[in-house]
Every structure is written in structure tokens, then in C-alpha cells.
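Novice: Numbering (this note's numbering), first residue to last: 4 to 396.
Heads up, the beta-carbon is just placed ideally off N, CA and C, and yes, glycines get one too.
Below you'll find the structure I mean.
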Amino acid sequence: MIIGLIRRGQNDNLSLALASSVAAEAGQAYLFTDDALLARDLQMSSFARFNLRVGERIQPVTVKEAGKDAVRIFFIQESSPLFFAAAVAATLGQLAAQEKTKPDFLQLFCAQDIVCALLCRAYRQIPFIYHVCRLTQCKMPLRDLHSLGLTLPAGSLQLGETFLAETAAAAAAVYVVDESMGQKPQHWADFFSAYAGKVVEGFPAVNTAYWSHIATNDAPRPQRKKQVLAAAKKTGYLLATGDPPYFGDALPEEIVFLPPAGDESRRQTLLQATDFYFFDGERGKPQEALAAMAAGSIVITSASPFTKSLVTDETTDAQYPTGYLYQDGEQGWQETVARAVRDFRQRTDWQQAMRQRSRSRICERFGLEQAAKLCVGTCRGVGPVKLPFIIKD
């Protein structure tokens, strides 16, 4: 089986690692990306050059190729999602003509790439599976479809001259993998139940090897924390990052807070040095909490269906806690942070064991091997399909 992953705009460490895991499970994988950093690190060779027409525009697009184990990476340096989509379809056409091969399925991870998936379905007869982690109500103009000779799939929601990309992706997909982990339960009635019978119970994936990797010559965690504090010209006993819901007097003076770094390598360095990671259980991105836990940062988060499945607190599981959960708004947050500070001062070995349990839980439940098995299993029709009449929470 060959599975193609569409990862436009995903400039992260996950794309190639996920493709490699999928290839190990399926046999072979194609990765379509515009990640310039990934292309820079690989030995890319020219695959093809196409003159592509989208609407009234004609533009040359170059596709480069590299191979890594059983993964073929196709790099398309094109900022326009429409020309990116046309380049993917043209690449698949050339593969079919020259090598007599094509993917059995495409995997779509962003609703904004629905044009790419629809184009490959219409002209290359390749079905796709749509992975949805968050519902953003992304609107796209209908002319994007019309410029490539496409029509809006039945079951999509049209709003004047625009359409909701997520409804189009779900309507046209063979399966919809729900990776929201119950973050927004109300979306079940509004969105997922409309596609009953093809919604698969999924989970967000994280490259645990990347976030937990520490070079052999790196200093222990306390020393790394000192280095990060020195670089930021800060002094303090505890270091935290993330997205705290309350600032000002609610943050104890023992804690130095540094905002999350935008650059991924800097974010890795910060997460591997911080003591605590503040996470918003209702609005935060699941991968951010997963990355923090994989890097060894202890999560302090509001209770939600997602965080309850991720974090166990001593108040509910005294034997195997993996972080801190709070309720009751600002007061609950203040009390929980104060409890975490006390634990750090008085129970050093206990908190170190908590870090290790936290890492292990992420690797076991949200690692790439599990994600690849779900991905390939869904393509084979054996994914855990949700029943539309069972609604959690």
C-alpha cells in the first residue's frame, strides 16, 4: 500500500517522522510538502517542471524529490495553495505515466488543502482521509474550486460565494479522523454527527523522539534551566512557559515565566529546561501539551475532556500522577500552582518520577507508531468508527 501525506504549511518536525512511520506500517509513503527547512536538510534532486494554469494565470512550478528509506518526499516551493494543489496532481500524473504507480489513499491534515485533495480525487481517482484536530470554520472562495474545474461536494456548507472548507473536506473524504479528543464536545452535534458512519476515533500525534531528545553532551535539566534563565537575563527558582490563563498577582514570585518560542528548535530548548507548562484545556492546541510532556515539562492545566485523558492529578490518582488539573477558575488555578510550587520544593524525587510517567504516557498513547497504525488501519477500513448516537459529556 502507498499512502500520500499532504503537509503544506506544516513547518514542523512531525511531517517526515510521521511519513516514515506510515511507510513502515504500509510499505511506502509519499510526502508532499513546502517545508523549506526540510528540503534544505535533504539531498533534493529535480523531479519535474510544470507549466500550470489556474484560472487565467499560467505559472511554472518546479518539483524536487528526495528519498529517505521507504518515503519519497516531493518538495513544492509554492505559496499559493491552488498552484500547490495543481503541482501535486501533476506530480501524481507523471508518476502514473512513467512508473505506473499512484497512492492508494491521500491523507489530508488541513482543511485549507481541500482543493488539493479534491483535485487528486477528481483527476487521479485517489480517495482521501481527512484528519481534523480543531474546527476553525475556515471559509474559502468558491472561485478556488471553479478555477481548477471543480465543484463543491454534496453535503458541504455554502455561504454566499464562499464555503466552509472543513465541511467540504468531511463530505468528500472516505473517513474523517476526529483528533479533537473531546476538546470541543459541542462540535460533535454540529459537525461530526453530520457524517455519521465515517467518523473515526482518533488522537493528535506528536514526535516524541524529537521533543525528548537531548544530546549526550547536554547538561542535566537544572543546568539547562540556569542557562535559559541566564540567556533571558532572569533570576528565579522555578521556570515556566505556555499559556497561563491569569497573570499579575496570580503568578507566584518564585516562578519566572517565559513566553513560548516561535522557532521550533528554541521551543525544544525551552521545554527541556522548564519546570512547568501552563495549558488552556479548552482553547489550547493539543500538540503543544503533548510536546511539553514529551520534553519533560510538568503540565498545569484546566480540566477538560482532553486534559483528563492526558493528565492524572494526585487528587484523583495518588499513585500515578502525571501533572496538575484545576477547576473553579482563577482561584482553582492559584491553589493548584501553589501546590505545584510546594511539591517542587519538598518532593523533588516525587516530581522527577512524575516527569518520567508523563513522558511514558505520551510515548505509549500519542507516539508516531500508534498514529501510523491508526492511519493505515483507517485506509484498510478497520479504524474505530464512532457511533453517532453515543455522545460523551
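1) At the level of alpha carbons, what is the spacing between R364 and S196?
2) For Y213, does the three-state DSSP call read helix, strand or coil?
3) Helix, strand or coil: which one does DSSP assign to D396?
4) Between G58 and L328, what straight-line distance do the alpha-carbon atoms span, to the nearest angstrom?
5) Rounded to the nearest angstrom, what separates D44 and N210 at their Cα positions?
6) Check whether the region 363–381 and the region 342–351 touch, using three or more Cβ-Cβ pairs below 8 Å as the test.
7) For a minimum of 3 consecutive residues, which ranges assigned as the beta strand (DSSP E) are wholly contained in the region 79–155?
8) Rounded to the nearest angstrom, what separates A173 and G200 at their Cα positions?
9) Please go through the same chain and pick out, in chain order, the residues whose beta-carbon is closer than 6 Å to the beta-carbon of T104, but skip the five residues on each side of it.
10) Taking only three categories from DSSP, how would you classify D181?
11) Is the separation between the beta-carbon of G158 and that of V180 shorter than 9 Å?
12) Count the other C-beta atoms from every protein chain shown that fall within 10 angstroms of the C-beta of N16, then say buried if there are 16 or more, exposed otherwise.
13) Do Q115 and F86 have their CB atoms nearer than 9 Å?
14) CB L95 to CB R127, shorter than 9 Å?
15) Helix or strand or just coil, what does DSSP make of L261?
16) Are the CB atoms of F279 and G245 within a distance shorter than 9 Å?
17) What number of angstroms, rounded off, separates the C-alpha of S132 from the C-alpha of P207?
18) Comparing C-alpha positions only, which one of Q330, L34 and A168 sits nearest to C141?
19) Distance, Cα to Cα, T325 vs E317?
20) If you reduce the DSSP assignment to three classes, tell me which class G380 lands in.
21) Bridge partners of Y280, per DSSP?
22) In chain order, what are the residue ranges of uninterrupted beta strand (DSSP E) at least 3 long that sit wholly in the region 304–384?
23) How many Å lie between L232 and P263 at the Cα?
Specialist: Quick answer:
1) 30 Å
2) helix
3) Low local confidence applies: a pLDDT of 49 at D396 is under 50, so the model's placement there is unreliable, and no value is given.
4) 52 Å
5) 18 Å
6) no
7) 108–111, 131–135 and 142–144
8) Cα to Cα, A173 sits roughly 12 Å from G200.
9) L98
10) strand
11) no
12) Counting C-beta atoms within 10 angstroms of its own C-beta, N16 has 16 or more neighbours from the protein chains shown and is therefore classed as buried.
13) no
14) yes
15) coil
16) The Cβ atoms of G245 and F279 lie closer than 9 Å to each other.
17) The sequence shown places Ile at residue 132, not Ser. Looking at the two C-alpha atoms, the distance is approximately 15 Å.
18) A168
19) 8 Å
20) helix
21) T244 and V302
22) Uninterrupted beta strand (DSSP E) stretches at least 3 residues long and entirely within the region 304–384 occur at 327–329, given in chain order.
23) 14 Å
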